[in-house]
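In UniProt numbering, the protein residues as written are 1 to 523.
Given below as structure tokens:
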């Protein structure tokens with residue numbers, strides 16, 4: 001199988017969300033070879049769109065590329081309603097990549113000349129340059145990114161461009177573009193997940209030994225190390241990244257060459273284009289290749305779960321920054337004020353992280369409803385799959401970035417936390433463990449400690465304040481060694497199960513993440 005050259009020499013515009021990569025097809029007079037070290041273009045957001053001139057209509061409507069059997073032009077209302085160029089131009093880089101691969105394959109298979117191939121590829125590179133320079137005019141009468149680029153290529157190079165769509169439909173073309181885009185988006189999201197993990201681990205390293213109240217039902221439960229709590233989010237983020245990696249593996253199959261739905265009778269080489277674009281393999285079934293968007297649903301599902309985790313982090317930190325808690329103080333760099341109340345200092349970034357989770361989840365629901373009633377194969381409804389995905393990716397990237405920024409600009413109020421620790425009898429479960437070690441069944445131990453807490457409530461004191469005589473009045477098994485279990489510091493020392501909040505256990509968890517994330521131990 002012959003493969004295609006992926007060049008790292010082309011100059012690409014950097015996206016504000018994901019940096020651009022260097023994966024692009026470069027024309028050569030002879031056969032092309034694959035550079036396996038090159039990387040595909042990372043997700044291209046609407047930055048280039050913003051830099052481009054607004055859509056400009058032709059003075060006279062041109063004949064559509066598909067207009068051969070039509071005698072009348074579509075109305076302005078239909079044209080405006082059905083266009084997608086206003087948003088799918090974000091796929092321009094992926095569309096050009098796919099067209100370069102397709103042209104090279106057609107030449108290799110004898111379906112166009114090498115000269116036509118080189119002319120097409122050079123023309124596509126000029127169009128890409130124009131787009132990134134903000135010189136390209138996007139036309140709504142050309143409907144979408146594919147027809148805008150193909151029509152512009154025809155204007156630029158003439159007859160050779162008319163051969164480019166051989167053995168290709170917009171159905172497989174857009175599916176290919178979208179898979180490339182989603183693959184690049186996944187890489188960018190995973191990179192930002194890692195950045196947030198690093199920020200959380202570094203925050204944990206700055207707060208060694210700090211004990212905070214652990215909560216269940218938002219009520220005081222047991223003492224935990226702050227490091228342990230922060231690492232809980234690191235663990236959740238790791239699963240988020242794992243889901244995206246799993247999704248990426250299923251995204252990475254190539255629809256190109258499936259055509260409208262049934263494939264083609266022309267002698268194309270789908271393995272060649274799949275390899276050139278960095279896919280694992282061509283999709284086996286041409287109907288499936290053009291009609292399903294489960295890979296997008298999976299991406300939005302993974303984004304939604306990540307958004308829920310980030311929303312929980314936002315909720316917790318917003319609460320902790322309140323006067324009622326006072327456990328956390330964000331720096332001025334990540335806080336905002338009030339237009340009317342001069343004293344206010346609000347943790348707005350994390351409130352918006354919490355809020356934006358709603359739109360990420362909504363994007364998933366929108367696409368689920370879009371896809372649920374579609375018969376095979378392609379349907380125009382699928383034009384509506386782009387905007388929820390673009391929105392979801394933009395939102396989750398922003399949420400991850402600002403969460404990392406916030407983590408780098410917060411401090412925990414040790415004095416306030418330590419003053420708050422005695423309340424809530426956080427050491428009660430450790431006292432029950434003490435009784436279990438003395439041979440008392442747990443349910444009996446639970447009852448004894450419950451009565452001990454009731455005694456403390458009646459006397460407005462803590463468990464460690466009870467005398468040995470008072471404890472013995474509840475059960476004679478208590479001995480003076482009981483005080484080694486009382487108080488939050490002693491309680492923390494008694495945790496030893498794998499994954500627990502004990503000091504040694506948490507130190508081991510920190511070591512694991514420091515090594516896995518390649519974090520410097522020098523701070």
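In this text, a Cβ means the ideal position worked out from N, Cα and C, and glycines have one as well.
Bridge partners of residue 213 according to DSSP: 223. Assignment of residue 336 by DSSP, reduced to helix, strand and coil, places it in the strand class.
Taken in chain order, the complete alpha helix (DSSP H) segments of 4 residues or longer contained in the region 371–429 are 386–407, 414–420. Of the candidates 201, 104, 301, the residue whose Cα lies closest to the Cα of residue 519 is 201. With 16 or more neighbouring CB atoms inside 10 Å of its own CB, residue 314 falls in the buried class. Counting only runs of 4+ residues, the alpha helix (DSSP H) found wholly inside the region 274–301 occupies 286–291, in chain order. CA-to-CA, the gap between residue 507 and residue 104 works out to about 55 Å.
Taking the CA atoms as reference points, residue 101 sits about 9 Å from residue 121. Looking at the DSSP output, residue 148 shares a beta bridge with no other residue. Going by C-alpha positions, residue 342 is about 13 Å away from residue 335. Around residue 96, the same chain offers 124, 128 as residues with beta carbons nearer than 6 Å, after the five sequence neighbours per side are excluded.
Rounded to whole angstroms, the Cβ separation of residue 231 and residue 204 is 6 Å, and the two are in contact under 8 Å.
Excluding five sequence positions before and after residue 371, the CB atoms of its chain that fall closer than 6 Å to its own CB belong to 293, given in chain order. The three-state secondary structure of residue 261, taken from DSSP, is coil. At a Cβ-Cβ threshold of 7 Å, residue 378 and residue 291 count as neighbours. Cα atoms of residue 257 and residue 264: separation of roughly 8 Å, rounded to the nearest angstrom. In this structure, the CA atom of residue 318 is about 18 Å from the CA atom of residue 398. In the structure shown, residue 461 falls within a coil segment according to DSSP collapsed to helix, strand and coil.
Annotation: residue 156 to residue 289 spans about 31 Å, alpha carbon to alpha carbon. Given a length threshold of 4 residues, each whole run of the alpha helix (DSSP H) inside the region 83–148 is given here in chain order: 85–88, 92–108, 114–132. In the assembly as shown, residue 322 is an exposed residue. Its beta-carbon has fewer than 16 other beta-carbons within 10 Å. Per DSSP, residue 176 is one residue of the alpha helix (DSSP H) stretching across 170–205. In chain order, 91, 94, 95, 98 place their CB closer than 7 Å to the CB of residue 177, counting only its own chain and leaving out the 5 sequence neighbours on each side.
Taking every protein chain shown into account, the CB of residue 219 has fewer than 16 other CB atoms within 10 angstroms, so this residue is exposed. Ranking 429, 174, 496, 273 by CA distance to the CA of residue 444 puts 429 first. By the criterion of a C-beta distance shorter than 6 Å, residue 424 is surrounded in its chain by 220, once the five residues flanking it on both sides are discounted. Within the DSSP bridge table, the entry for residue 330 names 410 as partners. Our two residues, residue 469 and residue 436, have alpha carbons roughly 20 Å apart in a direct line.
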